[in-house]
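Have a look at the structure below, then the notes.
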Ligand code: ADP
Ligand code: BMX
Ligand code: ZN
């Protein structure tokens, strides 16, 4: 029997059967956009039903603050306006299996930490629909007293920047995330998503290049702040924006312009888009922090 891992992101839902550290089967679908839980419930049920007969437990990595099994959005705009969802209760109800749940970036941080050769600290950053983070210090994954630890996307990047869905102005997420990049696009790029804007940037369209550069520069400044706060030895980047062609080298270039004390080893997520799934599965299987 396997662990059924589920990753709830602002753009896509993924589910996989995991044995040890290996994904044996995987499915994906878009995240429904609705302020009411019903659409998410239906999408989750359809996604996981084919796996249920082969699973002995469920491990969920989800966007949002996960505390006592309940999902609370710090940025409800990332989940179609959905601010509150009884995650563990709902999945226990439809699976009749033991269920654990943790924030997606915290889960991914744990998976990535387990691949690092030596060292006992690291910070994971996902640049995806939002900007999420997970922090491991002294070999321990930090979740905080209420699940908020590591929400680095909601640190301040520009006090005059765009309003963030969390209610604060100028968060890193409002500038650097996929949603943030798309929201700042104007004129010929208005209405495009981040993926399409990256295609335009690769073709040399100046506004698209500026939006991608602003995201990468904002992330590099965040990484320097992270270094100052944690003195970590490794920063690992994931998410579809973070893993997009050319993005990490651009972040590294901006980081190299910061003073020497802020330099830190940067790498792309070893598990690529599956870090959240695997991290939740590892934690549920007892590779505890
Ligand atoms: P989730 O946030 O659901 O975990 P992703 O990590 O796939 O999902 O992030 C979704 C965001 O990444 C969207 O804003 C999307 O436009 C953007 N995106 C997806 N693919 C790419 C790509 N190849 N290049 C740049 N951005 C991408
Ligand atoms: C947001 C927040 C974080 C999450 C991050 C990345 C919500 C719904 N989510 O900052 O909890 O880790 O986005 O999420 O408030 P993703 O969907 O982009 O992977
Ligand atoms: Zn914010």
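Residue numbers (the working numbering): 14 to 302.
The beta carbon of each residue, even a glycine, is placed where N, CA and C say it ideally should be.
For the ligand ZN, any of its heavy atoms closer than 6 angstroms to the Cβ of residue i?
i, result
"residue 167", "yes"
"residue 177", "yes"
"residue 234", "no"
"residue 186", "yes"
"residue 181", "yes"
Between residue i and the ligand BMX, is there a pair consisting of the residue's CB and a ligand heavy atom that are separated by less than 6 angstroms?
i, result
"residue 23", "yes"
"residue 86", "yes"
"residue 142", "yes"
"residue 92", "yes"
"residue 145", "yes"
What did DSSP end up calling residue i once you bin it into helix, strand or coil?
i, result
"residue 132", "coil"
"residue 43", "strand"
"residue 230", "helix"
"residue 68", "strand"
"residue 217", "coil"
"residue 184", "strand"
"residue 75", "strand"
"residue 249", "strand"
"residue 106", "helix"
"residue 87", "coil"
"residue 164", "coil"
"residue 262", "helix"
"residue 145", "strand"
"residue 254", "coil"
"residue 139", "strand"
Could you check whether the Cβ of residue i sits closer than 6 angstroms to any heavy atom belonging to the ligand ADP?
i, result
"residue 137", "no"
"residue 98", "no"
"residue 225", "no"
"residue 287", "no"
"residue 228", "no"
"residue 103", "no"
Do you know whose CA, among the options, lies nearest residue i's CA?
i, options, result
"residue 49", "174, 99, 253", "99"
"residue 279", "158, 287, 129, 171", "129"
"residue 284", "207, 227, 124", "124"
"residue 291", "146, 189, 121, 160", "121"
"residue 59", "70, 74, 104", "104"
"residue 239", "107, 274, 95", "274"
"residue 296", "165, 151, 78, 114", "114"
"residue 193", "268, 226, 107", "226"
"residue 299", "22, 23, 34", "34"
"residue 232", "244, 126, 143", "143"
"residue 202", "149, 220, 266, 272", "220"
"residue 62", "18, 23, 90", "18"
"residue 97", "137, 51, 153, 265", "51"
"residue 271", "171, 236, 250", "236"
"residue 119", "166, 89, 108", "166"
"residue 74", "265, 107, 25", "25"
"residue 112", "189, 16, 266", "16"
For residue i versus residue j, is the C-beta spacing smaller than 7 angstroms?
i, j, result
"residue 20", "residue 289", "yes"
"residue 180", "residue 174", "no"
"residue 224", "residue 199", "no"
"residue 27", "residue 38", "no"
"residue 342", "residue 294", "The displayed coordinates of the chain run from 14 to 302. Any statement about residue 342 would go beyond what the structure contains."
"residue 93", "residue 158", "no"
"residue 162", "residue 156", "yes"
"residue 253", "residue 141", "yes"
"residue 101", "residue 77", "no"
"residue 45", "residue 29", "no"
"residue 23", "residue 116", "no"
"residue 160", "residue 87", "no"
"residue 195", "residue 185", "no"
Any heavy atom of the ligand GDP within a distance shorter than 6 angstroms of the CB on residue i?
i, result
"residue 60", "Looking for the ligand GDP in the displayed structure turns up nothing; the ligands present are the ligand ADP, the ligand BMX and the ligand ZN."
Quickly, what does DSSP pair residue i with across the bridge? List them, please.
i, result
"residue 269", "Residue 269 pairs with nothing; no bridge assigned."
"residue 153", "150"
"residue 280", "249"
"residue 16", "31, 70"
"residue 38", "30"
Would you please verify whether the beta carbon of residue i is less than 7 angstroms from any beta carbon of chain B?
i, result
"residue 260", "This model lacks chain B altogether; it includes just one protein chain."
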